Amino acid sequence: NDSSRTRNKEKSSRQKGGSLGARIFGAVFFLIGLGIAYPLIYQPVSGVLKARSWNATECTVISSKVKSHSSDDGTTYSIYVFYSYLVDGKLYKSDRYNFLSGSSSGYDSKKAVVDRLSPGTKFTCFYDPNNPFEAVIERGFSLWLLLGLIPLVFCAVGLLVFFLGGASTKPLSNRSGAISGLNSAASYADGPVILKPTATTLQGFIILLFICLIWNGAISAFGFELFGKWQRGRLDWTEGLFFSPFAIIGFFILIGTIRQFLALFNPKIELELSNGNVRLGERVTLRWRMHGNTSKVTRIKIDLEGKEQATYRVGTNTNTVSKNFFAKVLTETTHRLEIASGQKVIEIPKELMHSFDAQNNKIIWTLKVSGEIPRWPDLSMEFPLVVLPMKKISEE
Numbered sequence: 136n137d138s139s140r141t142r143n144k145e146k147s148s149r150q151k152g153g154s155l156g157a158r159i160f161g162a163v164f165f166l167i168g169l170g171i172a173y174p175l176i177y178q179p180v181s182g183v184l185k186a187r188s189w190n191a192t193e194c195t196v197i198s199s200k201v202k203s204h205s206s207d208d209g210t211t212y213s214i215y216v217f218y219s220y221l222v223d224g225k226l227y228k229s230d231r232y233n234f235l236s237g238s239s240s241g242y243d244s245k246k247a248v249v250d251r252l253s254p255g256t257k258f259t260c261f262y263d264p265n266n267p268f269e270a271v272i273e274r275g276f277s278l279w280l281l282l283g284l285i286p287l288v289f290c291a292v293g294l295l296v297f298f299l300g301g302a303s304t305k306p307l308s309n310r311s312g313a314i315s316g317l318n319s320a321a322s323y324a325d326g327p328v329i330l331k332p333t334a335t336t337l338q339g340f341i342i343l344l345f346i347c348l349i350w351n352g353a354i355s356a357f358g359f360e361l362f363g364k365w366q367r368g369r370l371d372w373t374e375g376l377f378f379s380p381f382a383i384i385g386f387f388i389l390i391g392t393i394r395q396f397l398a399l400f401n402p403k404i405e406l407e408l409s410n411g412n413v414r415l416g417e418r419v420t421l422r423w424r425m426h427g428n429t430s431k432v433t434r435i436k437i438d439l440e441g442k443e444q445a446t447y448r449v450g451t452n453t454n455t456v457s458k459n460f461f462a463k464v465l466t467e468t469t470h471r472l473e474i475a476s477g478q479k480v481i482e483i484p485k486e487l488m489h490s491f492d493a494q495n496n497k498i499i500w501t502l503k504v505s506g507e508i509p510r511w512p513d514l515s516m517e518f519p520l521v522v523l524p525m526k527k528i529s530e531e
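For the record, in the sequence shown the residue sitting at position 242 is 377 according to this note's numbering, with numbers rising by one throughout.
Pasting the structure below:
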């Protein structure tokens with residue numbers, strides 16, 4: 136009827152708006168991260184790489200001091216060294232200590248550098264042979280550049296939201312019933328429906344690989360720098376201590392990426408409902424089929440879960456709380472034939488809540504599949520399930 140078509144149009148408009156909103160949010164998040172990363176990573180790293188080919192010369196300190204910078208967050212400090220040097224008999228002056236901009240906490244470490252470079256001290260600096268006005272004292276990588284990895288996380292999240300955000304808001308009719316969230320009874324075609332997972336193993340691998348390449352690619356330069364210092368016996372233990380957390384995080388990201396790659400070769404499971412109209416109080420048959428080398432799987436478990444999700448604001452902060460209100464093990468078996476394929480009748484109690492999707496509240500139903508594979512990454516997949524309200528008497 137007309138009211139049903141109007142509701143469908145309104146829902147379609149909201150879904151399109153949600154997709155556009157997700158893409159805009161992702162793009163803004165990416166640009167913010169990029170804007171922060173440019174001065175924190177690109178400029179100093181490009182300067183370090185360029186300075187590797189600069190010429191060394193003797194420099195003389197004219198003046199030096201620790202500069203203090205006060206703000207609402209406290210006082211930070213930076214190194215200031217003004218020095219002179221000769222190139223082809225011509226005198227040049229510079230005050231660049233390294234390629235990092237800004238200031239940071241830690242007065243004592245900066246004071247130690249200034250004391251070492253007191254006025255009149257002669258030391259080796261590096262200048263650009265193509266532009267002798269450009270010079271620097273420390274041309275190597277600084278561990279403080281690792282903090283520039285933080286805005287790269289913003290970039291990664293922004294890209295993922297931009298490319299994957301739209302996929303999560305596709306119209307119901309295009310997703311074969313594989314959508315979490317429904318705010319009213321809708322019209323679905325009767326008959327078998329193959330469910331789609333929230334995310335495939337390949338998608339998970341691509342996401343982890345992207346993060347792994349960004350994170351470990353960024354810290355590798357610092358790792359080689361520290362390794363070179365260690366070989367020359369010049370490694371400061373504080374540098375190694377500062378670098379360790381970033382290296383440990385990178386190691387676990389790498390392990391996770393490798394595991395996700397191995398999971399690509401796991402058997403694939405397919406879930407099918409005998410009827411796309413899953414309603415409260417009614418029975419529907421769930422069938423599963425596993426494709427691939429099912430002999431590797433020693434146990435399979437399928438759970439049905441109902442979850443309530445609420446979003447609320449406290450001042451300027453937005454919090455989301457989730458709580459399971461229903462959980463049932465549909466099947467759990469170690470029998471090889473039942474692992475390969477089987478079926479189970481589902482009946483969701485009629486007194487429970489159907490799928491619901493509002494701005495601040497959601498009721499989400501999910502089928503969770505887990506499988507044990509010895510000495511290999513286990514199976515783990517989630518399939519959103521739309522649960523419709525009970526039929527009205529007029530609909531029967």
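All C-beta atoms, glycine included, are put in the ideal place defined by N, C-alpha and C.
All values derive from a computational prediction rather than experimental measurement.
Please specify which runs of the alpha helix (DSSP H), each continuous and at least 4 residues long, are wholly inside the region 325-413, giving them in chain order. 336-366 and 372-398
Quick check on DSSP: helix, strand or coil for ASP207? In the three-state reduction of the DSSP assignment, ASP207 falls in the coil class, being assigned neither a helical nor a strand state.
Tell me whether the beta-carbon of MET525 lies closer than 8 Å to the beta-carbon of ARG418. no
Beta-ladder partner(s) of ALA462, from DSSP: GLU440
Out of ASP230, ILE383, THR501 and ASP208, point me to the one whose CA is closest to GLU443's CA. THR501
Endpoints, the beta strand (DSSP E) within which LEU502 is located: 496-507
Any contact between the region 283-295 and the region 164-175? By contact I mean 3 or more CB pairs, one from each, below 8 Å. As far as the Cβ criterion goes, the region 283-295 touches the region 164-175, which means the pair count is three or higher.
Please state the DSSP three-state secondary structure of ASP250. helix
Residue closest to SER430, alpha-carbon to alpha-carbon, out of PHE491, LEU406, ASN495 and GLY506: When only C-alpha atoms are compared, the closest one is GLY506.
Counted within 10 angstroms of its Cβ, other Cβ atoms place GLU467 as buried (16 or more) or exposed: exposed
I'd like the list of long-range same chain contacts for LEU487, defined as Cβ closer than 7 Å, with 5 residues on each side in sequence excluded. LEU415, GLY441 and PHE461
Assuming VAL201 and LYS246 make a contact with CB atoms under 8 Å, what is their CB distance in whole Å? 5 Å
Counting along the chain, where does the alpha helix (DSSP H) carrying LYS185 start and finish? 178-186
Let me confirm a value: HIS489 is counted as buried when at least 16 other C-beta atoms fall within 10 Å, else exposed. Which label applies? buried
Helix or strand or just coil, what does DSSP make of ILE474? ILE474 carries a helical assignment under DSSP once its states are collapsed to helix, strand and coil.
Within the chosen definition, does the region 225-245 reach the region 202-213 through at least 3 CB pairs nearer than 8 Å? yes
Under a Cβ-count criterion, where at least 16 other Cβ atoms within 10 Å of its own Cβ denotes burial, should LEU523 be classed as buried or exposed? Counting Cβ neighbours within 10 Å, LEU523 comes out buried, since at least 16 surround it.
Kindly identify the DSSP beta-bridge partner or partners of ALA445. VAL456 and ASN496
Using only the alpha-carbon positions, how far apart do PRO332 and GLU473 sit? Cα to Cα, the separation comes out at about 21 Å.
Using 8 Å as the limit for Cβ to Cβ distance, is LEU389 near chain D? You won't find chain D in this structure, because it holds only one protein chain.
Which residues does DSSP pair with ARG434 in a beta bridge? GLU507
So what's VAL288 in DSSP terms, helix, strand or just coil? Looking at VAL288 - three-state DSSP - the assignment turns out to be helix.
Can you name, in chain order, every residue of its own chain whose Cβ lies under 8 Å from the Cβ of ASP325, other than the five neighbours on each side? Sequence-distant partners of ASP325 (beyond 5 residues in either direction) whose C-beta falls short of 8 Å from its own C-beta, in its chain, are ASN410, GLY411 and ASN412.
Who are the near neighbours of ILE388 in its chain, counting only those whose CB is closer than 8 Å to its CB and skipping five residues on each side? LEU343, ILE346, CYS347, TRP350 and ASN351
Pick from ALA493, PRO484, ALA398 and VAL521 that is closest to PRO509, judged by C-alpha positions: ALA398
Roughly how many angstroms separate the alpha carbons of MET516 and ILE159, rounded to a whole number? 29 Å
Cutting at 6 Å between CB atoms, please list the residues of its own chain near LYS458, excluding the five before and the five after it. GLU443
Run through DSSP, which three-state label would SER303 get? Below a pLDDT of 50, predicted positions are generally treated as unreliable, and SER303, at 47, falls in that range; no measurement from the model is reported.
Using C-beta distances below 6 Å, list every residue in its chain close to PRO264, excluding the 5 sequence neighbours before and after it, in chain order. The residues ASN190, in chain order, have a CB closer than 6 Å to that of PRO264 in the same chain once the five nearest residues on each side in sequence are set aside.
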